[in-house]
Amino acid sequence: MQKSKKVVILGHFGVGKTSLIRRFVTDQFSDKYKVTIGVHITKKVVTLPTDDTISLILWDLEGTDALEEIRDAYLLGTHGIVFVFDVSRPSTFQHLNSDLKIVAKKVPERPLLVVGNKKDLVPEEELTQLLENHQISYNYLTSAKTGDTVEDVFMELATLLNSDA
Amino acid sequence: METKLDEKDKLELLKDILFPDDREAVQDISKRIQLLEHLVNDQKLLAAKVDPLVDDKLNTFTKNIPNTLGPTITATLKKEIKNHKDDVVDALYPVLGKMVKKYVAQEIKILSDKIDNQLGFIKRFKRKMRSWFGGPTEEQLLMRELASATIEQVLLIERDTGILKASYSVTNTIDEEMISGMLTAIKGFVEDAFHQKNQKLEQIQYELYNIHLQSFVTHYVAVVISGNYHLKSKNKLQDIIFNFYYNFMALNLDLVFKSKDPEKAGKEVRTIEKELLEKELAASFGNAKI
Ligand SMILES: Nc1nc2c(ncn2[C@@H]2O[C@H](COP(=O)(O)OP(=O)(O)O)[C@@H](O)[C@H]2O)c(=O)[nH]1
Ligand SMILES: [Mg+2]
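Residue numbers (this note's numbering), protein chains in the order written: chain E, 1 to 165; chain U, 1 to 290.
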């Protein structure tokens, strides 16, 4: 039987969490069920290069500007995390390090990938300079709009989670 | 002539009412504890304690088991139970749940019978009215009201992660893994929002369906029901769930233990376990009338 993992997507409002998932999960589930509880759940079955398959159950939390206010119930048992910021809005990454600390405290010792989204909005040279100035370390820069590098994020997380037993 | 119950008789009577399953339950519990003890306590450890004694004087030992090994076992058990409280609770929950439920159900039945008696006449009248006004015939309406609830889908879900462990369904409709996540999110939301840690969300209505949620310590069971879902059906359903969970626990203690271990949480269920579970689910819920 194939493995299933709970993945939570975190980050400030409007950074593109939902867009990233929509881009990655092509066979979108209808919005009909959209529950007004501040979380949207989708699933994607990923086939790894090793031919292993793994189900990612993606928890898209809404309105999580204040990380402290996330319901603990939503984070329980999380296997992996994607933390997204918006490269075109410094306010979403200014406090990245303290944000990540809060995340690590709430969900300790789980694979976490930091993703700067909306790279299509900032010229490349400017972007690296900007992030360097803010001393931001990230794993990937993506664009949910063009699809650039989106797949890579989830593939790496799936790989991490697969070896995570 | 009038015979009066003395205090002791009353107590016995009360006990009978409260715990009709008393003896059976105690046997169940002790069987369960044996199983747990066997599992939690490394067998070798026990052997190390027992072997020297056995070599020495097997016969006296056997005769004196209650005195010699008894305290050790009791002490070990106490310790193990203390260290694995959740597991023990999980193992005992269905048994205790059944006992408590039975009592509560009796009380509620008396109450609802009373209400039914009073409401029956209004219902009959309403049916007549509706059929007068050109709706479905009285028989049709009656049939509809009597149409029993049907189990459409059963999901065994890990409580924290919302990961689906096994399922049974009559018709495969929406993605079960996603439903499991959704239900877990809704459940988390409600229980969190109302700070009802000890009061679990038990029922969700979704379009034409009722979803019954029965929480245990590490897992919960979600049953999707179509048709008329009333207290009577709920009672039957809970019995089925408790029975299933009871069997499931006996067969799959390691599944529960695994998910308590943070290192191994969410680890894939071995195929045989899942197959077994799904067989068990199908057997328990497949032909069940609720
Ligand atoms: N240009 C651009 N816009 C994006 C990108 N990702 C998301 N957006 C836009 O940003 C807004 C917020 O996106 P959304 O996914 O709802 O953010 P969320 O609050 O994090 O879920 C929407 O208007 C999206 O169309 C991107 O990569 N590039
Ligand atoms: Mg969103």
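Don't be surprised by glycine CBs; every beta carbon is placed ideally from N, CA and C.
Nearest-angstrom Cα distance between residue i and residue j?
i	j	result
HIS79/E	LEU161/E	7 Å
LEU121/E	GLY11/E	18 Å
HIS40/E	ASP175/U	14 Å
PHE216/U	ILE204/U	17 Å
LEU237/U	LEU281/U	13 Å
GLU275/U	GLU151/E	33 Å
ILE157/U	TYR168/U	12 Å
LEU164/U	HIS212/U	16 Å
SER98/E	GLU126/E	24 Å
LEU131/E	LEU56/E	29 Å
ASN296/U	VAL46/E	This structure cannot settle anything about residue 296/U, because the visible part of chain U is limited to 1 through 290.
TYR229/U	ALA149/U	5 Å
GLU202/U	THR184/U	12 Å
GLN94/E	LEU113/E	17 Å
ARG22/E	ASN83/U	44 Å
SER91/E	THR159/E	31 Å
ASP52/E	LYS5/E	13 Å
ILE54/E	GLU278/U	20 Å
GLU177/U	ILE186/U	14 Å
LYS24/E	VAL84/E	With the sequence shown as reference, residue 24/E is identified as Phe, and Lys is not the correct amino acid for it. Their backbone Cα atoms lie some 14 Å apart in a straight line.
LYS145/E	GLY227/U	45 Å
ARG71/E	SER143/E	28 Å
GLU69/E	ALA166/U	32 Å
PRO123/E	ASP192/U	43 Å
ARG89/E	VAL82/E	18 Å
Give the residues of chain E in contact with residue i, contact being defined as C-beta atoms less than 9 Å apart.
i	result
ASP192/U	ARG71, ASP72, ALA73 and TYR74
Go ahead and label residue i buried or exposed: buried means 16 or more other beta carbons lie within 10 angstroms of its beta carbon, across all protein chains shown.
i	result
HIS134/E	exposed
ASN210/U	buried
GLN214/U	buried
LYS105/E	exposed
ALA222/U	buried
PHE13/E	exposed
GLY147/E	exposed
THR161/U	buried
GLU152/U	buried
THR42/E	buried
SER137/E	exposed
SER180/U	buried
ALA66/E	exposed
LYS289/U	exposed
ALA283/U	exposed
Taking 8 Å as the CB-CB cut-off, is residue i touching chain E?
i	result
GLU278/U	no
ILE204/U	no
GLU177/U	yes
GLY181/U	yes
THR378/U	The structure shown does not extend to residue 378/U, since chain U spans only 1 to 290, so no value can be given for it.
Could you check whether the Cβ of residue i sits closer than 8 Å to any Cβ belonging to chain U?
i	result
LYS118/E	no
LYS145/E	no
SER163/E	no
LYS105/E	no
LYS43/E	yes
SER55/E	yes
Chain E partners of residue i, CB-CB under 8 Å?
i	result
LEU164/U	SER4
In chain U, what lies closer than 8 Å to residue i by C-beta?
i	result
THR26/E	Ordered by position in chain U, no residue passes the 8 Å Cβ test against THR26/E, which lies about 14 Å from the chain.
VAL39/E	ALA185 and PHE189
ILE21/E	The contacting residues do not exist; ILE21/E stays about 13 Å from chain U at best.
Which residues mark the beginning and the end of the beta strand (DSSP E) in which residue i is found?
i	result
VAL7/E	3–11
ASN210/U	209–215
PHE83/E	80–86
THR53/E	53–61
THR18/E	Not the beta strand (DSSP E): THR18/E falls in the alpha helix (DSSP H), residues 17–24.
THR42/E	39–47
GLU152/U	150–158
GLN205/U	203–206
Find the residues of chain E that neighbour residue i, judging by a C-beta separation of less than 7 Å, and give them in chain order.
i	result
THR218/U	By Cβ distance, chain E contributes nothing, its closest Cβ being about 10 Å from THR218/U, past 7 Å.
ASP160/U	LEU76 and GLY77
Could you check where the alpha helix (DSSP H) with residue i kicks off and where it finishes?
i	result
ASN97/E	96–106
SER91/E	Premise fails: SER91/E is in no alpha helix (DSSP H) and is neither H nor E.
VAL190/U	176–193
VAL115/E	It is not in any alpha helix (DSSP H) - VAL115/E instead sits in the beta strand (DSSP E) that spans 112–117.
LEU157/E	150–163
SER143/E	No alpha helix (DSSP H) holds SER143/E; DSSP gives it neither H nor E.
TYR229/U	Run containing TYR229/U: none; DSSP gives neither H nor E here.
LYS165/U	Not the alpha helix (DSSP H): LYS165/U falls in the beta strand (DSSP E), residues 164–169.
THR50/E	Unbroken run through THR50/E: none, as it is neither H nor E.
SER284/U	271–285
Can you pull the chain U neighbours of residue i, defined as C-beta to C-beta under 9 Å?
i	result
ILE102/E	Here the premise fails: no neighbours, minimum Cβ distance about 18 Å.
For chain B, find out if any of its Cβ atoms is closer than 8 Å to the Cβ of residue i; answer yes or no.
i	result
THR171/U	Of the protein chains in the structure, E and U, none is chain B.
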